[in-house]
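Peer 1: Here's a structure for you.
In the numbering used here, the protein residues as written are 2 to 379.
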């Protein structure tokens with residue numbers, strides 16, 4: 002599952018460090034260029050629920066294997082586009098294909114891992130996601146400097162195919178999967194039960210706000226860092242994504258803390274860390290900016306890991322649909338908020354972007370504190 006998460010997010014986010022170069026290549030603005038990432042995350046958001054329904058009927062393992070294999074082929078095709086419209090279409094198809102893996106992954110871990118270890122298991126899976134997202138971005142920036150953005154996408158596509166082969170061969174079969182009805186009535190009944198739980202509703206909202214805020218910062222950090230006074234090259238901008246290592250550490254750590262102290266006590270604290278990191282990026286010195294992004298990344302991934310585990314634990318036998326609803330909100334946040342924060346960047350630079358991102362984080366923090374209060378009362 003670590004390999005699957007790694008490959009999924011390496012392929013999905015490979016274009017993020019390339020946004021300034023794609024903007025120049027195709028003559029589009031920053032907000033429009035961000036669609037090279039947002040089209041994929043948006044398509045994934047819309048396909049997660051259908052994918053989760055398929056996983057309930059036909060099994061987690063089969064869906065995850067085919068999703069990753071198909072996505073790797075589409076990723077390779079992205080290196081050969083001739084205009085930006087083709088790029089957006091292929092990235093959307095990539096996101097749609099990839100949806101099967103995260104839609105089934107959380108349910109698979111919930112079924113196959115004992116309850117007292119699920120926090121740690123989810124933390125390691127999210128850590129694989131973080132490491133994959135980091136590796137795709139760093140390697141993409143490095144290859145773009147050495148060759149071009151086409152070389153970057155081609156190499157990552159080939160690596161994705163190799164990862165899909167390894168995933169196909171290594172993933173253990175399900176031992177506890179039981180097929181569920183996928184009739185519209187059964188799905189609607191499950192959805193009603195899920196949305197009747199106020200904690201799950203607010204966790205979905207937290208996922209939307211967290212991912213939107215995270216994408217808002219990382220989408221446009223490259224535009225800030227390539228401009229004066231920093232004037233960083235593509236490889237150096239890509240290296241900023243090495244800070245995702247902080248996400249791998251915080252995901253696993255937050256999972257252990259959640260198992261010990263409760264998710265309601267960990268979630269809000271991780272959001273505060275992210276806000277402190279965002280405030281730190283307001284300084285001009287490059288090392289201080291990097292420190293701020295590191296803190297921001299640490300807090301974000303800790304909060305996301307905590308939310309993910311909480312959804313799976315609280316939803317019980319409906320964890321596949323609940324996880325898909327959470328991830329749909331999560332990736333919809335990255336697509337919508339991640340794109341619209343480009344308008345804040347265009348209008349107000351880093352200050353305007355930070356205000357937009359900070360507003361999302363503060364709203365998520367308010368929800369986390371409310372859930373903490375309700376959990377303590379119960």
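Just so you know, even glycine gets a beta-carbon here, dropped at the ideal spot from N, CA and C.
1. Could you round the C-beta distance between residue 42 and residue 335 to whole angstroms and report it? I think they count as a contact, below 8 Å.
2. Taking Cβ positions, are residue 306 and residue 255 nearer each other than 8 Å?
3. How far does the alpha helix (DSSP H) with residue 11 in it reach, from first residue to last?
4. Sorted by chain position, which residues of the same chain lie with C-beta nearer than 7 Å to residue 259's C-beta, five sequence neighbours on each side aside?
5. For a minimum of 4 consecutive residues, which ranges assigned as the alpha helix (DSSP H) are wholly contained in the region 19-57?
6. For residue 228, does the three-state DSSP call read helix, strand or coil?
7. Pull up the CB-CB distance for residue 209 and residue 333, whole angstroms please, since I reckon it's below 8 Å.
8. Here's the rule: buried if 16 or more other CB atoms are within 10 angstroms of the residue's CB, otherwise exposed. What is residue 289?
9. If residue 203 sits next to residue 373, beta carbons under 8 Å apart, how far is it from one beta carbon to the other, in whole angstroms?
10. Going by C-alpha distance, which of 205, 127, 40 is nearest residue 90?
11. From the DSSP output, in three-state form, read off residue 111 for me.
12. Entirely within the region 124-193 and at least 3 residues each: give me those beta strand (DSSP E) ranges in chain order.
13. Assign residue 342 to one of three DSSP states: helix, strand, or coil.
14. Go through the region 214-280 residue by residue and report every complete run of the alpha helix (DSSP H) that reaches 4 residues or more, in order.
15. Measuring alpha carbon to alpha carbon, tell me which residue in 298, 264, 304, 265 is nearest residue 280.
16. Do you know how far the Cα of residue 37 is from the Cα of residue 340?
17. Any idea if residue 404 is buried or exposed, counting beta-carbon neighbours within 10 angstroms, 16 or more meaning buried?
18. Answer yes or no: do residue 174 and residue 62 have a C-beta to C-beta separation smaller than 8 Å?
19. When we look at the beta-carbon of residue 200 and count the other beta-carbons within 10 Å, is it buried (16 or more) or exposed?
20. List the whole-angstrom C-beta distance separating residue 252 from residue 114, where the pair is believed to meet the contact cut-off of C-beta under 8 Å.
21. Are the beta-carbon atoms belonging to residue 226 and residue 135 less than 8 Å from one another?
22. Going by the beta-carbon positions, is the gap between residue 100 and residue 49 smaller than 8 Å?
23. So which of 72, 22, 30 has the shortest CA-CA distance to residue 13?
24. In this structure, does DSSP put residue 86 in helix, strand or coil?
25. Any chance you could list the alpha helix (DSSP H) runs of at least 4 consecutive residues sitting entirely within the region 322-375, in chain order?
26. For the 8 Å Cβ check, are there 3 or more pairs between the region 135-152 and the region 357-368?
27. Could you check the C-alpha separation between residue 257 and residue 29 for me, to the nearest Å?
28. Compute the distance between the beta-carbons of residue 80 and residue 158, then report whether it is under 8 Å.
29. Please check the pair residue 122 and residue 44, which I expect to be a contact at CB under 8 Å, by giving their CB distance rounded to whole angstroms.
30. Please determine, among 65, 344, 211, 262, the residue with the shortest C-alpha to C-alpha distance to residue 331.
31. Which value, in whole angstroms, describes the spacing of the CA atoms of residue 171 and residue 230?
32. Which residue's Cα is closest to the Cα of residue 347: 27, 232, 32?
33. Locate the alpha helix (DSSP H) running through residue 282, then write down its first and last residues.
34. Does the Cβ-Cβ distance between residue 322 and residue 53 come in under 8 Å?
Peer 2: Quick look at the numbers:
1. Right, their Cβ atoms sit about 4 Å apart.
2. Going by beta carbons, residue 306 and residue 255 fall inside the 8 Å limit.
3. DSSP places residue 11 in the uninterrupted alpha helix (DSSP H) bounded by 3-13.
4. Result list for residue 259: 120, 267, 307, 310, in chain order.
5. Whole alpha helix (DSSP H) segments, 4+ residues: 20-27, 31-34.
6. Correct three-state label for residue 228: coil.
7. Yes, residue 209 and residue 333 are in contact; Cβ-Cβ is about 6 Å, under 8 Å.
8. By the neighbour-count rule (16 or more Cβ atoms within 10 Å), residue 289 is not buried but exposed.
9. The Cβ separation is near 11 Å, so there is no contact.
10. The option with the nearest alpha carbon to residue 90 is 40.
11. Here residue 111 sits in helix by DSSP.
12. Qualifying beta strand (DSSP E) stretches: none in this window.
13. In this structure, residue 342 counts as helix in the three-state DSSP scheme.
14. Listed in chain order, they are 235-240, 245-262.
15. Cα-wise, what sits closest to residue 280 is 298.
16. Near 10 Å, if we compare the C-alpha coordinates of residue 37 and residue 340.
17. No answer is possible for residue 404: it lies beyond the span of the chain, which begins at 2 and ends at 379.
18. Residue 62 is positioned such that its CB atom lies closer than 8 Å to that of residue 174.
19. Residue 200 is buried by the Cβ-count criterion.
20. Residue 252 to residue 114, Cβ: 15 Å. No contact.
21. Result no, Cβ atoms of residue 226 and residue 135 do not sit closer than 8 Å.
22. The Cβ-Cβ distance between residue 100 and residue 49 falls below 8 Å.
23. Taking only the C-alpha atoms, the option nearest residue 13 is 72.
24. Helix.
25. Every candidate alpha helix (DSSP H) stretch fails here, since none sits fully inside the region 322-375 while reaching 4 residues.
26. The answer is no - the region 357-368 does not touch the region 135-152, with fewer than three Cβ pairs under 8 Å.
27. When rounded, the separation of the alpha-carbon atoms in residue 257 and residue 29 is 44 Å.
28. Yes, the Cβ-Cβ distance between residue 80 and residue 158 is below 8 Å.
29. Incorrect: roughly 27 Å between the Cβ atoms, too far for contact.
30. Residue 211 is the option with its Cα nearest to residue 331.
31. Residue 171 and residue 230 have their C-alpha atoms spaced approximately 47 Å apart.
32. Taking residue 347 as reference, the option from 27, 232, 32 with the minimal CA-CA separation is 32.
33. No residue range can be given for residue 282, since it is assigned to no alpha helix (DSSP H) and is classified by DSSP as neither H nor E.
34. In contact: residue 322 and residue 53 (Cβ atoms closer than 8 Å).
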